[in-house]
Amino acid sequence: MTVCSPVPEIRVRDLTLVDVRNDAQYVVYWMNAFRRRRYNFALQHARWWAEKLQRPLIVVEALRTGYQWASDRFHRFVIDGMIDNEADFSDSGVTYYPFLETATDKGHGIIETLCQKACLMVTDDYPCFFHPILYDRIVSKWPVAVQLVDSNGLYPMRATDRTFTVAHSFRRHLQKELPKHLHEFPLSDPLAKHKLPEPIDVPSLVAKRWPRAKLADYADGIKNFDRFKIDHGVSPVETKGGAHAALKRLSDFTAGALDRYSDDRNVPDLKGASRLSPYLHFGHIAAHEMFHSVTEHCGWKIDQLAKPNGKREGFWNASQPVESFLDEMITWREIGFNMTHREPDYARFESLPQWARETLNEHANDKREYVYSLAEFESAATHDQLWNAAQNELVREGRIHNYLRMLWGKKILHWTANPRQALEVLIELNNKYALDGRDPNSYSGIFWVLGRYDRAWGPERKIFGKIRYMTSESTLSKFKMKEYLKQYS
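Reading the sequence shown from the start, the letters are residues 340 to 828 in our numbering.
Pasting the structure below:
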C-alpha cells in the first residue's frame, strides 16, 4: 500500500494486506497505547487519511478487564486519561467513543464490528505486553486495511535492524542516527487547523451492544469500580493519571527539579526524579513533547549538537542536568523498545546474555542465608529495613525511587531460591504494583538486575557470580534517606 502521509514512512506499517476502501463510511483510529491528543503520530496519520478520503474520523478508546494484573490502580489511572480525552476531543471535529468493559470478553468484537464499515483502521504500534498478541489476531481474522503507527519515542523502532545488548553501543548509534529524526516531530495538535467532514455517531449496532461509557460515573475515586471484574486489592494511588496531569507534572519538573536532576535524582530524600514514567507508559504524554519542553526550557537548538562521542555527556552540548535527563529519556528508555520490538522472548530468562545465564546457572544452587517467598516479599516481611521501605513505596504509591529500584531488584536475586524464581518475583511485583510496569523500559530494569545491558563484574561472588552486586549497607552510606525511611518503613 503506497502511503504519502506526513508521518515518516518508517513509522507506519501495514498489518493486513487489504486495500483501503475508498467508498466506506469513516476512518477508525483505535487508541490503545498512545492515549492522548497531543504529539501523537498515530492520530496524525488517521486524521490525514480522513482528510484525504473526506470521511469522518472515529476515535475509539476502550479499556479491557481481561489483561494480566488488571486492578483498581491501573483502571483508575487509565480512566483519568479517558476523562481528559473526552474533554480534549469535544471540540476536535472527530467522534471520540470511550468504552469500558465490565467483565472479560464483554468488549470482544467492538473494534471488528466498527471496522465493517470503515475505510481502514489506524492503531498504535506498541511492542510490549498484550499488544503484539492483539496484532497477531487482527492479521489472521480482520478483512480490513489496518495500519500500525509508531509514536513511542524519538527514534523509530524500525530505524535499525540490530538488537543492542549494551547501552554504550546504542548511545553511540543514536548519536549518529537520531539527529535526522529530530526534524520529524509529530504535530503538537494533529487536529488543529484541519477541515474534516462533520462528525458522525458510531453505527447503532455498536452503540447498542457496546454502550458509550459514562465516564462521569467514575470521576471520583473508585466509586462504581465494583462493576469491573478486576483485582480490587491493588488500590489506586495519589498520583492522578491523564494528559492534563502529565502536562502539569512536566511543567513542574522543567521549572523545578530539572536544573538539579543530575545531582538529586539518586538521593531518596530529595525527590529529584521527573516522575513522568507512568504517563509515558500509559501514553498520556509523548517523549517528543517532553524533549520539546526540556530543550525549550534551556534554550537548546538542534545546531548545538556536538560530534558523536558515545559518552553520556557532551553530545547534546547542554547543561549537565539536561544531558543526564536526555540520556535517561532517550538512551535508557528507547533501548528497551529496541529489545521488545525485535526479540519476542524479551521477558524470558533465556533472553539474557550468554555470560549472564552461564554465571547465574553456575551459582543457582549456592546456599542462601535468607530465602523469602513471593508472599513475604509482597508484604515487605524481610529482615532488611531499606528493602522493606522500597517495597512499601511500591505497594502504596506505585513506584520505587530510581536508585532504590535497582537495589530492590538485586536483593530479590539475593534472597530467592534460584535466578529463575527471582525473575518470576521481579516481574510479578513490578507489574502488579508499578504504574510504569508492563513496559519496555521496566523490563529493561528487571533484566538489568540479572545482567542485561551490563558486563561481567569481579570479584565473582556466591549467588551473584559475575553479576553486578549491590548492598543495602553501601546504599545507606551513599545517600541521605532519613526521611525516606521514616515515611516508608
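Note that the Cβ used here is the ideal one computed from N, Cα and C, for glycine as well.
The structure presented is a predicted model; accordingly, all values stated were derived computationally and were not measured.
Beta-carbon separation (whole angstroms), residue i vs residue j, contact threshold 8 angstroms
i: L453; j: V541; result: 6 angstroms
i: A612; j: Y792; result: Not really, about 20 angstroms apart at Cβ, beyond 8 angstroms.
i: P525; j: F630; result: Between F630 and P525 the Cβ distance is about 11 angstroms, and since that is not below 8 angstroms, they are no contact.
i: H627; j: L597; result: Going by Cβ atoms, the distance from H627 to L597 rounds to 17 angstroms, so no, they are not a contact pair.
i: R376; j: L530; result: 7 angstroms
i: W754; j: Y711; result: 5 angstroms
i: G784; j: R744; result: 6 angstroms
i: H620; j: G581; result: 13 angstroms between Cβ atoms; not a contact.
i: P779; j: M678; result: 7 angstroms
Rounded C-alpha distance that separates residue i from residue j
i: T443; j: L402; result: 11 angstroms
i: S816; j: L725; result: 12 angstroms
i: Y494; j: L517; result: 6 angstroms
i: M421; j: E701; result: 49 angstroms
i: H740; j: D775; result: 12 angstroms
i: I766; j: R672; result: 18 angstroms
i: Q383; j: G448; result: 25 angstroms
i: K456; j: V367; result: 10 angstroms
i: I806; j: A795; result: 6 angstroms
i: R510; j: R415; result: 36 angstroms
i: R839; j: V606; result: Because residue 839 is not part of the residues shown, which for the chain are 340 to 828, the question remains open.
i: T810; j: V661; result: 29 angstroms
Neighbour-count burial assignment, residue i, 16 or more Cβ in a 10 Å radius
i: V788; result: buried
i: K821; result: exposed
i: N648; result: exposed
i: T441; result: exposed
i: A695; result: buried
i: L354; result: buried
i: S590; result: exposed
Range covered by the beta strand (DSSP E) that runs through residue i
i: Y368; result: 365-369
i: Y435; result: 434-439
i: V351; result: 351-353
i: L459; result: 457-463
i: I397; result: 396-402
i: L530; result: Unbroken run through L530: none, as it is neither H nor E.
CB contact below 8 angstroms: residue i versus chain B
i: R651; result: Note that chain B does not occur in the displayed structure, where there is just one protein chain.
Contact test: residue i Cβ vs the ligand FMN heavy atom, cutoff 7 angstroms
i: F438; result: Only the bare structure without any ligand can be found here, which leaves the ligand FMN out of the picture.
Enclosing alpha helix (DSSP H) for residue i [first to last residue]
i: V661; result: 659-665
i: V764; result: 758-772
i: V734; result: 724-736
i: V417; result: 411-427
i: L487; result: No alpha helix (DSSP H) holds L487; the beta strand (DSSP E) holding it covers 485-488.
i: R588; result: 582-594
i: G675; result: 672-681
i: T452; result: 449-454
i: D603; result: 600-603
i: S479; result: 470-480
i: W787; result: 779-787
i: I751; result: 741-753
Inset, instruction - Any chance you could list the alpha helix (DSSP H) runs of at least 4 consecutive residues sitting entirely within the region 542-579, in chain order? - result: 543-548
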